[in-house]
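Have a look at the structure below before the remarks.
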Amino acid sequence: MLDENLPLRGVLHCHCGNLLSGAPSRGRHGGWYYYYKCKSPGHNNISAKKAHEQFLEACELMSLTANEVKVLKEKAVEGVERHHAEEQRMLKEKKAQLDNLQEKLFAVEETWINDQISKDTYERWCSNYNGEINSLNVEILRLGKQETHLFKLLDRNLSLATDIRGLFEKADTVAKQEFVNLRFDRNLYYEKGIYRTPTMFDILSRNHLKMSEKCLLIFEKKKGFPIGNPFGWSRRDSNPRPNMV
Ligand SMILES: [Zn+2]
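For the sequence shown, the working numbering begins at 5 and goes up steadily by one.
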């Protein structure tokens with residue numbers, strides 16, 4: 005159950021490992037207050053307003069500088085270009101295979117016209133070749149598409165990384181939860197008034213000392229966590245989508 009007033013419900017953990025639940029509560033003057041709470045007595049019971057402000061401040065410190073974004077973009081473009089070159093190579097190969105098959109098909113037709121094979125044999129060969137030709141055509145079509153879309157996505161996603169706070173604020177609840185799960189590898193928890201995580205991408209965590217100084221978030225690094233690019237997506241994904249928005 006999603007509630008836009010409680011975007012961290014279901015993704016933020018208590019220090020004991022439980023996911024925090026959240027609920028509204030009526031205040032003294034009739035207004036509603038929201039809070040996050042662990043089901044174990046004596047554990048977290050925190051004001052959602054405070055938790056959100058704290059999280060947004062941490063987001064602000066995760067934002068990249070324009071120059072960092074530029075470097076990331078260059079790297080990513082390199083990757084896309086390499087991928088593109090590989091696809092072009094495959095495209096050429098498939099087209100050559102297609103030409104070859106078409107020639108074979110003509111040859112079979114010719115043999116049939118010259119009465120050198122039976123109608124049955126002719127039809128069997130034709131259907132074999134046509135099957136292969138069809139699947140090659142599908143492959144060729146697939147390889148021919150894609151790239152411009154990838155470039156646009158890449159550009160948009162990386163440009164947004166200069167304002168992670170704004171990005172988070174504008175996102176809907178589903179995207180906010182995806183953000184938390186992805187950026188912290190489902191390991192964001194709360195203890196003694198501060199967010200904590202053992203897993204955070206390097207590129208987002210370079211201000212982590214400032215984050216802990218300001219009592220926002222403590223990054224207790226876990227060994228072996230991949231440092232990869234949190235703004236990327238899987239190449240194998242036939243329908244690439246940004247991780248955010
Ligand atoms: Zn707890």
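Built from N, CA and C at the ideal position, the CB exists for glycine as well.
Whether residue i touches residue j by CB criterion (7 Å)
i	j	result
Leu186	Met66	no
Leu60	Leu192	no
Lys77	Leu6	no
Glu91	Leu147	yes
Tyr126	Lys108	no
Val112	Trp129	yes
Own chain residues within Cβ distance below 7 Å of residue i, not counting five before or after
i	result
Asn48	Cys18, Leu24, Tyr40, Lys41, Cys42 and Tyr194
Ile121	Thr115
Glu136	Leu105
Gly31	Tyr37
Ile117	none
Ala89	none
Contacting residues, own chain, Cβ-Cβ under 6 Å from residue i (five flanking each side not counted)
i	result
Pro11	Thr177 and Lys180
Ile168	Cys63, Met66 and Ser67
Lys123	none
Asp189	Thr203
Arg93	none
Gly34	none
Residues of its chain near residue i, where Cβ-Cβ distance is below 8 Å and the 5 sequence neighbours each way are ignored
i	result
Ile144	Leu95, Lys98, Lys99 and Leu102
Ser29	Trp36, Tyr37, Tyr38 and Tyr39
Ser216	Ile198, Ile222 and Phe223
Ser44	Cys18, Cys20 and Asn22
Asn211	Leu65 and Met66
Glu8	Asp176 and Thr177
CB-CB length for residue i against residue j, believed under 8 Å
i	j	result
Ala62	Leu220	4 Å
Val75	Thr166	Contact doesn't hold; Cβ gap of about 13 Å is too wide.
Lys218	Pro202	Actually they are not in contact, since the Cβ atoms of Lys218 and Pro202 sit about 19 Å apart, beyond 8 Å.
When the options are compared against residue i, the one with the closest alpha-carbon
i	options	result
Ala70	Val142, Arg190 and Leu164	Leu164
Lys53	Gly26, Tyr133 and Val75	Gly26
Arg13	Ala55, Gly31 and His33	Ala55
Val84	Asp189, Asp159, Asn138 and Thr201	Asp159
Lys196	Ser51, Gly170, Ala80 and Ser131	Ser51
Ser131	Ala89, Phe110 and Arg200	Phe110
Lys156	Gly46, Ala80 and His33	Ala80
Arg200	Gln58, Ile117 and Ala89	Gln58
Residue i: CB within 6 Å of a non-hydrogen atom of ligand 2
i	result
Asn132	Among the ligands present in this structure, namely ligand 1, ligand 2 is not found.
Beta carbon proximity, residue i to chain C, threshold 7 Å
i	result
Glu143	No chain C appears in the structure shown, which is made up of a single protein chain.
As a quick check of your reading: which residues have a C-beta less than 5 Å from at least one non-hydrogen atom of ligand 1, in chain order? Cys18, Cys20, Asn22, Cys42, Ser44 and His47
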